[in-house]
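Have a look at the structure below, then the notes.
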Amino acid sequence: MRMGKVIGTLVATKKDEKLIGSKLMITQPLDASLNPKGDPIVAVDTVGAGIGELIIFATGTASRIAARKMDAPIDAAIVGIIDEINMDN
Amino acid sequence: MRMGKVIGTLVATKKDEKLIGSKLMITQPLDASLNPKGDPIVAVDTVGAGIGELIIFATGTASRIAARKMDAPIDAAIVGIIDEINMDN
Amino acid sequence: MRMGKVIGTLVATKKDEKLIGSKLMITQPLDASLNPKGDPIVAVDTVGAGIGELIIFATGTASRIAARKMDAPIDAAIVGIIDEINMDN
Amino acid sequence: MRMGKVIGTLVATKKDEKLIGSKLMITQPLDASLNPKGDPIVAVDTVGAGIGELIIFATGTASRIAARKMDAPIDAAIVGIIDEINMDN
Amino acid sequence: MRMGKVIGTLVATKKDEKLIGSKLMITQPLDASLNPKGDPIVAVDTVGAGIGELIIFATGTASRIAARKMDAPIDAAIVGIIDEINMDN
Chain A
-17 MRMGKVIGTL
-7 VATKKDEKLI
3 GSKLMITQPL
13 DASLNPKGDP
23 IVAVDTVGAG
33 IGELIIFATG
43 TASRIAARKM
53 DAPIDAAIVG
63 IIDEINMDN
Chain B
-17 MRMGKVIGTL
-7 VATKKDEKLI
3 GSKLMITQPL
13 DASLNPKGDP
23 IVAVDTVGAG
33 IGELIIFATG
43 TASRIAARKM
53 DAPIDAAIVG
63 IIDEINMDN
Chain C
-17 MRMGKVIGTL
-7 VATKKDEKLI
3 GSKLMITQPL
13 DASLNPKGDP
23 IVAVDTVGAG
33 IGELIIFATG
43 TASRIAARKM
53 DAPIDAAIVG
63 IIDEINMDN
Chain D
-17 MRMGKVIGTL
-7 VATKKDEKLI
3 GSKLMITQPL
13 DASLNPKGDP
23 IVAVDTVGAG
33 IGELIIFATG
43 TASRIAARKM
53 DAPIDAAIVG
63 IIDEINMDN
Chain E
-17 MRMGKVIGTL
-7 VATKKDEKLI
3 GSKLMITQPL
13 DASLNPKGDP
23 IVAVDTVGAG
33 IGELIIFATG
43 TASRIAARKM
53 DAPIDAAIVG
63 IIDEINMDN
């Protein structure tokens, strides 16, 4: 998984029907200092994350597991909201 | 998924026969400011996307799910056309 | 797999229920000189790794195999603690 | 998939026996201007590509599908030869 | 697959038990000029590769296929030793 920050939402009316009902969140990956790093991911929210929250997201098969939609074309999902980080780098 | 812009199409007469009938779109990934970033992907269109449109694309198994072709050598597919982005980075 | 260093832990109260009981470790990938390189991964610990330890981590399906949780939204796991490196680059 | 150019071939006598009979092509990924970008991939040829040709290649499970060898340790394959590119970036 | 050079070995006493018996080789990916590029991978040797040898390695599911250990947390494996490269970039 990666740490990320939810920075937006996205609406796509014309989309794969298996994505209907999935909330698409624009998620910015973060570096070890929790600064933005790398390009934004469009992740399915599975935990009720809101804009501005720090989250962890998973990619690949793990994201379809998180969404409980193994037959949907999902490759990224938010799987947790970060409460606390204890870092020593 | 990633945000991208359809920047072209591609014709390959000599190709895996399982790709026949799939429209191959050259897709430029975008950064958080919706500027081009990273290298172009050749994605199968599954939603009727046109050149110049902002889309979301998925990679890996998710793309074969989108194409409804689990036995085709596809690793990227356009899964939605973006109508609206609400971003706050 | 990649070499990494455990640099922190992370608490997420609101998370996918399949992640309950998995210890989430913030892991910094390392380069050939064992210096930090690239962005931190949130990996499930499966070997009792502690902060500051050099470890190897796996991603993708391999991480769910390591966690013995094929139905959990895991895409990275610590699979070994490094005792000794013999390098000649 | 990605656009690439076949830049070489590779011989490995000592290799996984499931790779016997697969032609290994060194493939340079290309950017949107069709210039070399990123590091070379060793891809199994499945379409009769020759050195210097522009091709599309797939990675991961898609490459084993292309090679019709689901039990071979293949993670990249050439799946089409590019005839024509219409790009507008 | 990628071209790489074996630059070291690694010992991890405390590790996933499914990794017991697998030789872990530190492998440096190479660019088109066969110079080091990118960060080292820890790959399972499946072909008897030695330090300093040029090899090809596979990642993901392909690596578990190569290791003949589908239930081990492996995501990278050496699948061939390079005898000859014919490159024209």
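Residue numbers (my numbering), protein chains in the order written: chain A, -17 to 71; chain B, -17 to 71; chain C, -17 to 71; chain D, -17 to 71; chain E, -17 to 71. Don't be surprised by glycine CBs; every beta carbon is placed ideally from N, CA and C.
Own chain partners of residue i with C-beta closer than 7 Å, once the 5 adjacent residues on each side are dropped
i, result
"V61(D)", "M(-17), T28, V29, I38, F39, A40, A48"
"K19(A)", "P11, L12, D13"
"A31(C)", "V(-12), M7, I37, I60, I63"
"I67(A)", "none"
Chain-ordered neighbours of residue i on chain C, where CB pairs are closer than 7 Å
i, result
"G54(E)", "Correcting the residue type first, residue 54(E) is Ala in the shown sequence and not Gly. Simply I47."
"G62(A)", "A(-6), K(-4), K(-3), D(-2), L1"
Contacts of residue i in chain E (Cβ-Cβ under 7 Å)
i, result
"G42(C)", "G42, D57"
Member of the options whose CA lies at the smallest distance from the CA of residue i
i, options, result
"G(-14)(E)", "K51(E), A25(E), E(-1)(E)", "A25(E)"
"A54(C)", "K19(A), T43(A), G32(A)", "T43(A)"
"I23(A)", "K51(A), S15(A), P11(A)", "P11(A)"
"G3(E)", "I56(E), G20(E), P18(E)", "I56(E)"
"E(-1)(B)", "D70(D), T(-5)(D), I63(D), N17(D)", "I63(D)"
"D13(C)", "D21(E), T9(E), R50(E)", "D21(E)"
"K(-3)(A)", "P18(B), A(-6)(B), L36(B), T9(B)", "L36(B)"
"A(-6)(C)", "L16(A), D65(A), D70(A)", "D65(A)"
"D70(E)", "A59(E), I8(E), S15(E), T9(E)", "S15(E)"
6 Å Cβ shell around residue i - same chain, five flanking residues per side excluded
i, result
"I33(C)", "V(-12)"
"L6(C)", "L(-8), V24"
Partner residues on chain E for residue i, Cβ-Cβ distance less than 8 Å
i, result
"T34(C)", "Reading off the sequence shown, one finds Gly at residue 34(C), where the question assumed Thr. Going along chain E, no residue has its Cβ under 8 Å from G34(C), so there is no contact; the nearest lies around 15 Å."
Beta-carbon proximity list for residue i, same chain, < 8 Å, skipping 5 on both sides
i, result
"M52(E)", "R46"
"T9(A)", "G(-14), K(-13), V(-12), I(-11), P22, I23, V24, A25, I37, F39, A58, I60"
"N17(A)", "none"
* **Short-range partners of chain C found in the stretch 7 to 32 of chain A, where Cβ spacing is below 9 Å** => P11, L12, D13, A14, K19, G20, T28, V29, G30, A31
* What residues from the stretch -16 to -2 of chain A come within 7 Å of chain B, judged by C-beta to C-beta, listed N to C? -> I(-11), G(-10), T(-9), L(-8), V(-7), A(-6), T(-5), K(-4), K(-3), D(-2)
* In chain order, each alpha helix (DSSP H) run of at least 4 residues that lies wholly inside the stretch -12 to 65 of chain A -> 43 to 49
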